[in-house]
Amino acid sequence: GEVPPVPANQTLYIQNINEKLSRRHRLDELKTSLKSLFKPHGEILDIVALSNFYSKGQAFIVYKSTEQAAAALAKLQGHDLQGKKLKISFARAKSDAVAKLDGTFRPREKKVRPRPKTGKREPPPDADADAKRARTDGPAHPPGGPAPGQAP
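The sequence shown maps to residues 238 to 389 in the numbering used here.
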């Protein structure tokens, strides 16, 4: 089935941001660019942009009102930012900034996501133990003594 459209709200979800701007050392520059682009359409409460693996190329812009967010979405959909056309939609969840304003904010537990595979193969967890056992479980006779089955 098709996913139902997300209802209009105060938070815009921005995708397809040039990943060069999503790098950790350029996040301030990205937020400044987004602020100058989105500010003419209304009062911005918050801009959230992260540089982790899962969030690169994405940001959230939180407006004071749904009408302001809708106006920005209509005007800026497909806007070219550093060679990439922005994809803008309403966010699925209420932003923390909005929740704090309307009194519904609840701190969340930090999500722990598995790290992305890097292509390097890791040995099975017990491989080291097996390798050590193989070296230490050698012949049962003491070194320098007669080998098993041989007379002294």
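Where a beta carbon is used, it is the ideal one built from N, C-alpha and C, also for glycine.
8 Å Cβ cutoff met for residue i and residue j
{"i": "leucine 267", "j": "serine 259", "result": "yes"}
{"i": "leucine 271", "j": "lysine 301", "result": "no"}
{"i": "isoleucine 251", "j": "leucine 338", "result": "no"}
{"i": "alanine 307", "j": "phenylalanine 275", "result": "no"}
{"i": "valine 299", "j": "alanine 245", "result": "no"}
Closer than 8 Å to chain D by CB, residue i
{"i": "alanine 286", "result": "Of the chains in the structure shown, none is chain D; there is only one protein chain."}
Whole-number beta carbon distance between residue j and residue i, since they are thought to touch under 8 Å
{"i": "leucine 313", "j": "alanine 286", "result": "With 8 Å as the limit, leucine 313 and alanine 286 do not qualify as a contact, their Cβ atoms being about 16 Å apart."}
Close beta carbons around residue i, own chain, < 7 Å, minus the five adjacent residues each side
{"i": "glycine 320", "result": "Asn255"}
{"i": "alanine 336", "result": "Phe342"}
{"i": "glycine 294", "result": "Gln252, Asn253, Ile254, Glu256 and Ser259"}
{"i": "serine 292", "result": "none"}
{"i": "glutamine 305", "result": "His278, Gly279 and Glu280"}
{"i": "threonine 303", "result": "Ala245, Asn246 and Gln247"}
Spatial neighbours of residue i in its chain, beta-carbon cut-off 6 Å, leaving aside the 5 residues before and after
{"i": "histidine 316", "result": "Leu323"}
{"i": "leucine 318", "result": "none"}
{"i": "valine 349", "result": "none"}
{"i": "valine 243", "result": "Phe327 and Arg329"}
Cutoff 8 Å; reference residue i; Cβ partners in own chain excluding five residues on either side
{"i": "arginine 261", "result": "Ser288"}
{"i": "alanine 241", "result": "It should be noted that the sequence gives proline, not alanine, for residue 241. Here the set comprises nothing."}
Counting only runs that start and end within the stretch 239-293, where is the alpha helix (DSSP H) found for 4 or more residues in a row?
264-275
Per the contact definition of three or more C-beta pairs closer than 8 Å, is the stretch 241-255 in contact with the stretch 326-337?
yes
Whole beta strand (DSSP E) runs in the stretch 297-328 with 3 or more residues, listed along the chain?
324-327
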